[in-house]
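Just below is one structure, and these are the notes that go with it.
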Amino acid sequence: MTPITSLPPELLSSIFLFTLSQSPLYELHSRSSRTSSSLSHVSRYFRAVAHSLPALWDNILINPGLLSPLKDPAALLQHVLDLSSAHGRRGITFSWRVSIIKTNPLHMSVLRSLFMLLLAHSHLWRSAELEIPVDIAPLLARVRGRVDKLEELNLACYSNSVGVVTGFEGARALRKLGLVGSGFQVAFPKESLRWIVDRRQGLGAADLEVEDMPQLERLESVEWSTRIGEEIRLERLRSMIVSDAAFSGTLVVPSLTELTLRPNRHGDSDLQGVLRAVGASSCALRTFSATPDAFLLPILDLSPSLEELNLSFSAWRNEHASVVRHLFTRMAQEPGFLPHLERLAINRCERPMIGGEEAECFMSPGFMDMLSSRTEAGSTLKSVTVDVWGMVSRECLGEEKLKRLKSFRDGGLDLCLRENDFGESKRFV
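So that you can map any letter, position 105 of the sequence shown is 378 in this note's numbering, and since no number is skipped, the others follow by simple counting.
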């Protein structure tokens, strides 16, 4: 048997990289998760091979609140950053998560020294995830002019006294920006940004200025809104996760293919603005998710390329029954209506038992006719899911209906009718 130390470095490198794929993060606070260090302590040969592989050292998780058991966390971080520096062209990915802020001077001193080490290596940052307390936020100004490699930045802050985070104005390679928390804003270059995820509370509408982002392709921000009478044109935007407030004005988004509309504070969505935007943009939606209202069918009439439709109901209302019935009827009787639809999902989130008029709507002859029509030869429909968060009235699920539903599934349709209640899930079909 050949000793493992006789393996050629190329083969040993492949083994190390496979090992790393099972635990990709170098977690500074967890000895069991420091795979790279474990490999490099087997022998001098292993160490030489491990130190030659940048992928072993450039994905770091730092949680200062969990570092107290370590004798010298700053020395350990310095060692890892030095190895990353040896492969500087690749850049580093790191997460700085301050889950617990301890106010004792020793902890704050360790936290600050670790953060200063990171700042000293900011010229290597490729992807940074930063959860920052208020006394650390001003230090980020020191990265100004040093983050030329930075492509992705995720910032989380939950203090109202931070104000504007600066330092990233010159990050010209920045392609993705994520913001979480409240009470802060960020100065960043808008010209090259392609993806923004804004989960801040209350500030998203104030300072996104997406009209100044000509390269933007993906936008997620429930707080962002347009003003009545305002027109914004985003030529390259392909995907949106927003609320109906984003469509108060007129959005022109000719490249839009994926749209998810989050419910407003009333648990509904007003689709009138979406209809206006789809009509003005002549876009080819392929995925659409929303709580339906009377404007759903006109939107679908303008979306013949649609492949996936997701309908969510936080609370069932009488107008929903009419819209859903008309949807099923048109799908059953008009082959040219949604001719490319492959996936239909209905999610009912309200807890009370589903029954009565609502159950009749979902389990109606119209629903059955729609399934029958859309499973004929040449049809594109592949998947239908009805998820109910609550209980399903047993009266609406007779043996004959279940038998017919199962026949669609046996015929090749991926059909699922599921009841979810307090962590338990029951699948009827």
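Using N, Cα and C, we set each Cβ at its ideal position, and we do this for glycine too.
Treat the numbers as computed from the prediction; the structure is a model and nothing was measured.
Within a Cβ cutoff of 8 Å, which residues of the same chain sit near residue i, ignoring the five residues on either side of it in sequence?
{"i": "R448", "result": "E424, E425, S465, L466, R467 and W468"}
{"i": "R511", "result": "E490, R491, S528, L529, T530 and E531"}
{"i": "I505", "result": "V483, E484, T499, G522, T523, L524 and V525"}
{"i": "Q488", "result": "E464, S465, L466, R467 and R509"}
{"i": "D517", "result": "L534, N537, S542, D543, L544, G546 and V547"}
{"i": "Y431", "result": "G454, S455 and G456"}
{"i": "G684", "result": "T648"}
Taking all protein chains shown into account, do 16 or more other C-beta atoms lie within 10 angstroms of the C-beta of residue i, making it buried, or fewer, making it exposed?
{"i": "L354", "result": "buried"}
{"i": "I288", "result": "exposed"}
{"i": "E692", "result": "buried"}
{"i": "M389", "result": "exposed"}
{"i": "G639", "result": "buried"}
{"i": "D345", "result": "exposed"}
{"i": "L481", "result": "buried"}
{"i": "V515", "result": "buried"}
{"i": "E564", "result": "Strictly speaking, residue 564 in this sequence is Thr, with Glu absent from that position. It is buried - the Cβ of T564 has at least 16 other Cβ atoms within 10 Å."}
{"i": "G546", "result": "buried"}
{"i": "I619", "result": "buried"}
{"i": "G609", "result": "exposed"}
{"i": "A401", "result": "buried"}
{"i": "F291", "result": "exposed"}
{"i": "L558", "result": "buried"}
{"i": "S279", "result": "exposed"}
{"i": "I405", "result": "buried"}
{"i": "I501", "result": "exposed"}
{"i": "S382", "result": "exposed"}
{"i": "I627", "result": "Confidence at I627 is low in this model, with a pLDDT of 47, below 50, so its placement is unreliable and the value that follows should be read with caution. Under this definition I627 is a buried residue."}
{"i": "S542", "result": "buried"}
{"i": "V437", "result": "exposed"}
{"i": "H593", "result": "buried"}
{"i": "V315", "result": "exposed"}
{"i": "N591", "result": "exposed"}
{"i": "N433", "result": "exposed"}
{"i": "S555", "result": "exposed"}
{"i": "G703", "result": "Not covered by the structure: residue 703. The range shown for the chain is 274 to 702."}
{"i": "A519", "result": "buried"}
Am I right that residue i and residue j are in contact with their C-beta atoms under 8 Å? What's the rounded C-beta distance?
{"i": "L575", "j": "V596", "result": "Not a contact, Cβ separation roughly 16 Å."}
{"i": "V371", "j": "P337", "result": "6 Å"}
{"i": "A444", "j": "F461", "result": "7 Å"}
{"i": "I572", "j": "L548", "result": "5 Å"}
{"i": "R703", "j": "S656", "result": "No answer is possible for residue 703: it lies beyond the span of the chain, which begins at 274 and ends at 702."}
{"i": "H324", "j": "L356", "result": "6 Å"}
{"i": "L452", "j": "L428", "result": "6 Å"}
{"i": "L569", "j": "L544", "result": "6 Å"}
{"i": "S455", "j": "Q474", "result": "4 Å"}
{"i": "L392", "j": "R415", "result": "5 Å"}
{"i": "L397", "j": "S358", "result": "6 Å"}
{"i": "L387", "j": "A347", "result": "6 Å"}
Tell me which same chain residues have a C-beta within less than 7 Å of the C-beta of residue i, skipping the five on either side of it?
{"i": "V702", "result": "L675, L678, K679, R682, L688, C689 and L690"}
{"i": "R399", "result": "G364, I365, T366, K422, L423 and E424"}
{"i": "L614", "result": "L579, E580, L582, T653 and L654"}
{"i": "P282", "result": "V322"}
{"i": "R317", "result": "none"}
{"i": "L450", "result": "L426, F461, L466 and I469"}
{"i": "R419", "result": "S395 and H396"}
{"i": "A553", "result": "T523 and V525"}
Output needed for residue i: all residues of its chain with C-beta closer than 6 Å, excluding positions within five of it in sequence on either side, in chain order.
{"i": "F601", "result": "G639, F640 and M643"}
{"i": "S646", "result": "A605"}
{"i": "G503", "result": "Reading off the sequence, residue 503 comes out as Glu, not Gly. Here the set comprises G522."}
{"i": "L403", "result": "W369 and L428"}
{"i": "M486", "result": "K463 and L466"}
{"i": "R320", "result": "S313"}
{"i": "H352", "result": "none"}
{"i": "S562", "result": "T533 and N583"}
{"i": "L285", "result": "V322"}
{"i": "L686", "result": "T648"}
Handout entry: Complete alpha helix (DSSP H) runs within the stretch 525-597 (minimum length 4 residues, chain order)
Key = 545-554 and 569-574
Problem - At least three beta-carbon pairs within less than 8 Å, the stretch 582-591 to the stretch 602-610 - result: no
Practice task
Note down, one range per segment and in chain order, each beta strand (DSSP E) of at least 3 residues found wholly within the stretch 637-683.
Solution key: 656-662
Exercise for the section: Just list the alpha helix (DSSP H) runs in the stretch 369-456, keeping only unbroken ones of 4 residues or longer that don't cross its boundaries, in chain order. Expected result: 378-393
Problem - alpha helix (DSSP H) runs contained entirely in the stretch 473-514, provided each spans 4 or more residues - result: 477-480
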